[in-house]
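Asker:
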Amino acid sequence: MKIDLSDTTASKINKALVQGRRDIGTPAVGMVLTMVIVTDEENAYDSIKAAEEASHEHPSRTLVVIKRHARTPRDRTNSHLDAEVRVGADAGTGETVVLRTYGEVSDHADSVVLPLLLPDAPVVVWWPGDAPEIPAKDPLGALAQRRITDLYAATNPIEALNARAHSYAPGDTDLAWTRLTPWRSMLAAALDQAKSKITSGAVESEADNPAAELLARWLEARLKVKIDRVVTEGPVITAVRLGTGAGEVVIDRPEGPLATLSLPGQPSRTLALKVRTTSELIAEELRRLDADEMYAIALRAEGTKETPSHV
Amino acid sequence: MSEELPETKPAEAADAAEGADVQALTVEELTDALAADWDNPLRDERDRRLPRIAGPSGLVIFGVTGDLSRKKLMPAVYDLANRGMLPPGFSLVGFARRDWEDQDFAQVVHDSVREHSRTEFREEVWQQLAEGMRFIPGDFDDDTAFKQLRAAVDELDTSRGTSGNYAFYLSVPPKFFPKVVQQLKKHGLATAAEGSWRRAVIEKPFGRDLKSARELNKIVHEVFDPDQVFRIDHYLGKETVQNILALRFANQMYEPIWNRSYVDHIQITMAEDIGIGGRAGYYDGIGSARDVIQNHLLQLMALTAMEEPIAFDEEALLTEKLKVLKSVRLPQELGEHTVFGQYAEGWQGGEKVVGYLEEDGIDPQSKTDTYAAVKLEVDNRRWAGIPFYLRTGKRLGRRVTEIAVVFKRAPHSPFDSSATEELGQNAIVIRVQPDEGMTVRFGSKVPGTSMEIRDVSMDFAYGESFTESSPEAYERLILDVLLGDANLFPRHQEVEESWKILDPIEEYWANNGKPAQYSSGSWGPQEADEMLARDGRSWRRP
Chain B
1 MKIDLSDTTA
11 SKINKALVQG
21 RRDIGTPAVG
31 MVLTMVIVTD
41 EENAYDSIKA
51 AEEASHEHPS
61 RTLVVIKRHA
71 RTPRDRTNSH
81 LDAEVRVGAD
91 AGTGETVVLR
101 TYGEVSDHAD
111 SVVLPLLLPD
121 APVVVWWPGD
131 APEIPAKDPL
141 GALAQRRITD
151 LYAATNPIEA
161 LNARAHSYAP
171 GDTDLAWTRL
181 TPWRSMLAAA
191 LDQAKSKITS
201 GAVESEADNP
211 AAELLARWLE
221 ARLKVKIDRV
231 VTEGPVITAV
241 RLGTGAGEVV
251 IDRPEGPLAT
261 LSLPGQPSRT
271 LALKVRTTSE
281 LIAEELRRLD
291 ADEMYAIALR
301 AEGTKETPSH
311 V
Chain W
312 MSEELPETKP
322 AEAADAAEGA
332 DVQALTVEEL
342 TDALAADWDN
352 PLRDERDRRL
362 PRIAGPSGLV
372 IFGVTGDLSR
382 KKLMPAVYDL
392 ANRGMLPPGF
402 SLVGFARRDW
412 EDQDFAQVVH
422 DSVREHSRTE
432 FREEVWQQLA
442 EGMRFIPGDF
452 DDDTAFKQLR
462 AAVDELDTSR
472 GTSGNYAFYL
482 SVPPKFFPKV
492 VQQLKKHGLA
502 TAAEGSWRRA
512 VIEKPFGRDL
522 KSARELNKIV
532 HEVFDPDQVF
542 RIDHYLGKET
552 VQNILALRFA
562 NQMYEPIWNR
572 SYVDHIQITM
582 AEDIGIGGRA
592 GYYDGIGSAR
602 DVIQNHLLQL
612 MALTAMEEPI
622 AFDEEALLTE
632 KLKVLKSVRL
642 PQELGEHTVF
652 GQYAEGWQGG
662 EKVVGYLEED
672 GIDPQSKTDT
682 YAAVKLEVDN
692 RRWAGIPFYL
702 RTGKRLGRRV
712 TEIAVVFKRA
722 PHSPFDSSAT
732 EELGQNAIVI
742 RVQPDEGMTV
752 RFGSKVPGTS
762 MEIRDVSMDF
772 AYGESFTESS
782 PEAYERLILD
792 VLLGDANLFP
802 RHQEVEESWK
812 ILDPIEEYWA
822 NNGKPAQYSS
832 GSWGPQEADE
842 MLARDGRSWR
852 RP
């Protein structure tokens, strides 16, 4: 069911949540985390949908914060908060509250979000679109154990990636990194079989692909060799080549979900490397809520053992 | 996550050394490869996104046309592939008495995957899997077939890079075990080359008493090293069963009360609503106690009762489970504290069903039990004097498996007896299936009354707090076999200890009395209720 509240406050929203739960007869049980989505109206629909799908694996309370820009100057000074509370079948397996902030309250969205967080449960913030410059220093980001950004949404992804590397704090993560998991696990499995030292390498992808850049940096950090970036037609990452003394280990995915794995001295094999949906990526993100150290290592392309310190 | 790494290291090193010879690497690389600790630089324990992928390997299924194989094994293999847990080049070889080509086999797998897999069907995953499928037609007596199997395995090693690592899944009736393992031995399939492995996977029943279980173990161990024999008890692959250990040993709040000072008794139930179906040939003469109590229920009991293992590894778990099984004491009067029964005709869930003795293929004089309840005690400091009631049956009220730990009443109640009339004993119930989760029952004040206390339950459901998509037991177990992780598999010592517990009971039943009749759809015979009433207790309605 849905409850609409206009010009409201966090405590009224909390009441509406309790009311909604009572009316449909289910107590709030089993929710494992609070997911805060900070977005604009344009990205809201798709992100809520992805979060609701992911909530089948991780039942959660989803708080969607949408900053609205009022049209008239008079409205702009008028600060207020509208909310839409969804419980039961309208909200995946958890609860969803869509918060629309107008005027000054937009700068204090954390004051609305804080009272609505589930007690004790971890908090995840996700910016599907524009992310703050330093996610960990953002008022909403500071509430969270996990901050999910998406380099694919940045206008200049490589620049953004360098900024992320600079501002990294434990708990940061990026969907461009999440997208790489199948690639990385297949590369690791390929190396399990090849069992030889890698002497050179290349990542082939479309131009300015942040995931490809991250993959190259990760390989550089782990293999301690220079990885060439080769620009192809795409889509996204098309191949990874790792040179060994005996020949090349290649995973080639020219198009579609089917890739080919070639190992020196062995026949090539087919691999399934599917492009996953946003909800699958989010579900993977939510499986672990501790700091992703490997992401930090890949961001900075460094192979050191030290734990990156809080910036 | 990283526990499989150290185990595989020697194998990798040996393999690497072999590879180095043929490929004539440079000196530097050769040293690299020979280094005993060849570590994959792309793996790191901090990198927890990378899943546990099995190393290069293949799975050979005997009896691949059977129900289990079609409904559970093949879908589980597909689901593993879909989740990216299988290595590139993973191969699946089917062996059965059918006149099939590889394509026919692939079609059968395709159909069964389509129908039974847990995850969605994806063409690209299917293609990856289908390339490595082979089928060997033949009998278990047939030397040519095993020669063909040998050839197929060798061919897969070169064409798919399975590196000589194979698991042989014996999804066949136990009477064929000796034949199959002998054939595997004869054709050199059971011996692994240096640096690779050959494993045998077998399903219950592991014998029908201690003697036959020992014989069976001897036969299998003659061919396969005991460490390389994986006995599937699919209950142990279930998330909730693994969670028993997490619940008990990762938390602070349960363990202090998990003993005779607070626990009154423990009930372990596995109920099925179906009859024996078409399994008359297998079931008659075996019965529910051998079929269920000997393996599933005693395993659940061992996990519930055991002490904390020093580590979560196979050896430590085996040690602790064995200690429990060895300290199990049977009741003096077996007639008073055990019950066996047979379902009679009746109405079950709105359907009229026949009794066991009227089922097709069952001897009308059969004494086989379709219901069994036993009282066991564990003689150690933690559990002395606390009964464990184990029961199982077919054609009971509904399908459910659960472990109920029932606590003593509070030693003193400040409330008068009228206030606590509706208050039962506190209980922690671990629901193994269906609706996996846990319930805690305790008393709470009824709102609005001056003081009236009634039982309420607090619920944790897996489906609620994590995922509708928790993996099937067989997925987990097959992956563990390929990884060589034996935590969730009962070892032969446990099997033998379990028979030692059950044998005297079976013997008593064989010589005393007849199975009690209970109507289908009920919760078992009257005698079982009386058995608990004698101890001043009653069965929970699960």
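Listed in order, the protein sequences are those of chains B and W. In this text, residue positions in the first sequence follow the numbering used here: the first is 1, and each later residue adds one. In this text, residue positions in the second sequence follow the numbering used here: the first is 312, and each later residue adds one. We put the CB at the ideal spot given by N, CA and C, even for glycine. Keep in mind the model is a prediction, meaning the values are calculated, not measured.
Are the region 637-647 of chain W and the region 577-590 of chain W touching by the rule of at least three beta carbon pairs closer than 8 Å?
Answerer: Contact fails: fewer than three Cβ-Cβ distances are below 8 Å.
Asker: From the beta carbon of Arg315 of chain B, is the nearest beta carbon of chain W less than 7 Å away?
Answerer: Because chain B spans 1 through 311 in this model, residue 315 of chain B falls outside it and cannot be assessed.
Asker: Tell whether a beta-carbon distance below 7 Å holds between Thr149 of chain B and Ala131 of chain B.
Answerer: In contact: Thr149 of chain B and Ala131 of chain B (Cβ atoms closer than 7 Å).
Asker: Out of curiosity, what's the CA-to-CA distance linking Val757 of chain W and Arg765 of chain W?
Answerer: Rounded to whole angstroms, Val757 of chain W to Arg765 of chain W spans 6 Å at the Cα level.
Asker: Ends of the beta strand (DSSP E) at Gly657 of chain W?
Answerer: Note, Gly657 of chain W: beta strand (DSSP E), 657-659.
Asker: Going along the chain, which residues of the region 355-366 of chain W sit with their C-beta nearer than 8 Å to a C-beta in chain B?
Answerer: Residues Asp355, Arg357, Asp358, Arg359, Arg360, Leu361, Pro362, Ile364, Gly366.
Asker: Considering only the alpha carbon of each residue, which of B:Leu5, B:Glu53, B:Ser262 lies closest to Val98 of chain B?
Answerer: Among B:Leu5, B:Glu53, B:Ser262, the Cα nearest to that of Val98 of chain B is on B:Leu5.
Asker: In this structure, how does DSSP classify Leu180 of chain B when only helix, strand and coil are distinguished?
Answerer: Note: Leu180 of chain B maps to coil in three-state DSSP.
Asker: Compare the beta carbon distance of Leu143 of chain B and Glu213 of chain B with 7 Å and say whether it is the shorter of the two.
Answerer: No, the Cβ-Cβ distance between Leu143 of chain B and Glu213 of chain B is not below 7 Å.
Asker: Does DSSP classify Val338 of chain W as helix, strand or coil?
Answerer: Bear in mind that a pLDDT of 46 at Val338 of chain W, under 50, signals an unreliable position, so the number given afterwards is only what the model happens to contain. Correct three-state label for Val338 of chain W: helix.
Asker: Quick one: is Ser111 of chain B buried, meaning 16 or more other Cβ sit within 10 Å of its Cβ, or exposed?
Answerer: Looking at its Cβ environment, which holds fewer than 16 other Cβ atoms inside 10 Å, Ser111 of chain B is exposed.
Asker: From the DSSP output, in three-state form, read off Ile24 of chain B for me.
Answerer: Of the three classes helix, strand and coil, the one that applies to Ile24 of chain B here is helix, per DSSP.
Asker: Closest to Thr469 of chain W by CA distance: which of B:Ala16, B:Ala83, B:Gln193 is it?
Answerer: Nearest of B:Ala16, B:Ala83, B:Gln193 to Thr469 of chain W, Cα basis: B:Gln193.
Asker: Does the beta carbon of Arg61 of chain B come closer than 7 Å to any beta carbon on chain W?
Answerer: It does not: the Cβ of Arg61 of chain B has no partner Cβ on chain W nearer than 7 Å.
Asker: Please classify Leu759 of chain W: is it buried, with 16 or more other beta-carbons within 10 angstroms of its beta-carbon, or exposed?
Answerer: The sequence shown places Gly at residue 759 of chain W, not Leu. The residue is exposed, with fewer than 16 neighbouring Cβ atoms inside 10 Å.
Asker: Got a sec, what are the start and stop residues for the alpha helix (DSSP H) Ser428 of chain W sits in?
Answerer: That residue, Ser428 of chain W, is in no alpha helix (DSSP H); it is neither H nor E in DSSP.
Asker: Within the chosen definition, does the region 559-575 of chain W reach the region 708-719 of chain W through at least 3 CB pairs nearer than 8 Å?
Answerer: Touching, yes.
Asker: Output the boundary residues of the beta strand (DSSP E) element that contains Trp126 of chain B.
Answerer: Here the beta strand (DSSP E) through Trp126 of chain B covers 123-126.
Asker: Quick one: is Arg848 of chain W near chain B, going by C-beta distance under 7 Å?
Answerer: Output row for Arg848 of chain W: interface = no.
Asker: What are the residues that DSSP puts in a beta bridge with Gln563 of chain W?
Answerer: For Gln563 of chain W, which the question treats as bridged, DSSP gives no partner whatsoever.
Asker: Can a CB atom of chain B be found closer than 7 Å to the CB of Val424 of chain W?
Answerer: Taking Cβ atoms only, chain B never reaches closer than 7 Å to Val424 of chain W, which makes this a no.
Asker: Using beta-carbon positions only, say whether Arg100 of chain B and Asp82 of chain B come within less than 7 Å of one another.
Answerer: Contact: yes.
Asker: Using only alpha-carbon positions, find the residue among W:Ile697, W:Glu838, W:Ser523, W:Ser507 that is nearest to Pro367 of chain W.
Answerer: Out of W:Ile697, W:Glu838, W:Ser523, W:Ser507, W:Ser507 has the C-alpha closest to the C-alpha of Pro367 of chain W.
Asker: By the criterion of Cβ-Cβ separation under 9 Å, what are the contact partners of Val436 of chain W in chain A?
Answerer: Absence of chain A from the displayed structure is noted, the protein chains being B and W.
Asker: Using a beta-carbon distance cut-off of less than 7 Å, what residues from the region 235-251 of chain B approach chain W?
Answerer: Here the close residues are Gly245, Ala246.
Asker: Looking at chain B, which residues of the region 469-488 of chain W have a Cβ within less than 7 Å of any of its Cβ atoms?
Answerer: Those would be Ser470, Arg471, Gly472, in chain order.
Asker: Locate the alpha helix (DSSP H) running through His576 of chain W, then write down its first and last residues.
Answerer: His576 of chain W -> not in any alpha helix (DSSP H); beta strand (DSSP E) instead, spanning 574-582.
Asker: For Gln494 of chain W, which residues of its own chain have a beta-carbon under 7 Å away from its beta-carbon, when the five flanking residues on both sides are left out?
Answerer: Contacts found: Phe451, Phe457.
Asker: Report the three-state DSSP secondary structure of Met1 of chain B (helix, strand or coil).
Answerer: If DSSP states are grouped into helix, strand and coil, Met1 of chain B belongs with coil.
Asker: Closest Cβ-Cβ distance between Met842 of chain W and chain B: below 7 Å?
Answerer: Not one chain B Cβ lies under 7 Å of Met842 of chain W.
Asker: At 9 Å on the CB atoms, spell out the chain W contacts of Arg184 of chain B, in chain order.
Answerer: Under the 9 Å cutoff, chain W gives Leu353, Asp358, Arg360, Leu361.
Asker: So, does the region 416-431 of chain W touch the region 383-396 of chain W, judging by three or more C-beta pairs under 8 Å?
Answerer: Flag = yes, the region 416-431 of chain W and the region 383-396 of chain W touch.
Asker: Check this for me: beta carbons of Gln653 of chain W and Pro826 of chain W, under 7 Å apart or not?
Answerer: Contact: yes.
Asker: Listed from N- to C-terminal order along the chain, which residues in the region 367-384 of chain W have their beta-carbon within a distance smaller than 7 Å of any beta-carbon of chain B?
Answerer: Listed in sequence order: Pro367.
Asker: What three-state label does DSSP hand Pro537 of chain W in the structure shown?
Answerer: Three-state result, Pro537 of chain W: helix.
Asker: Measuring alpha carbon to alpha carbon, tell me which residue in B:Thr232, B:Val231, B:Ile227 is nearest Arg241 of chain B.
Answerer: Cα-wise, what sits closest to Arg241 of chain B is B:Ile227.
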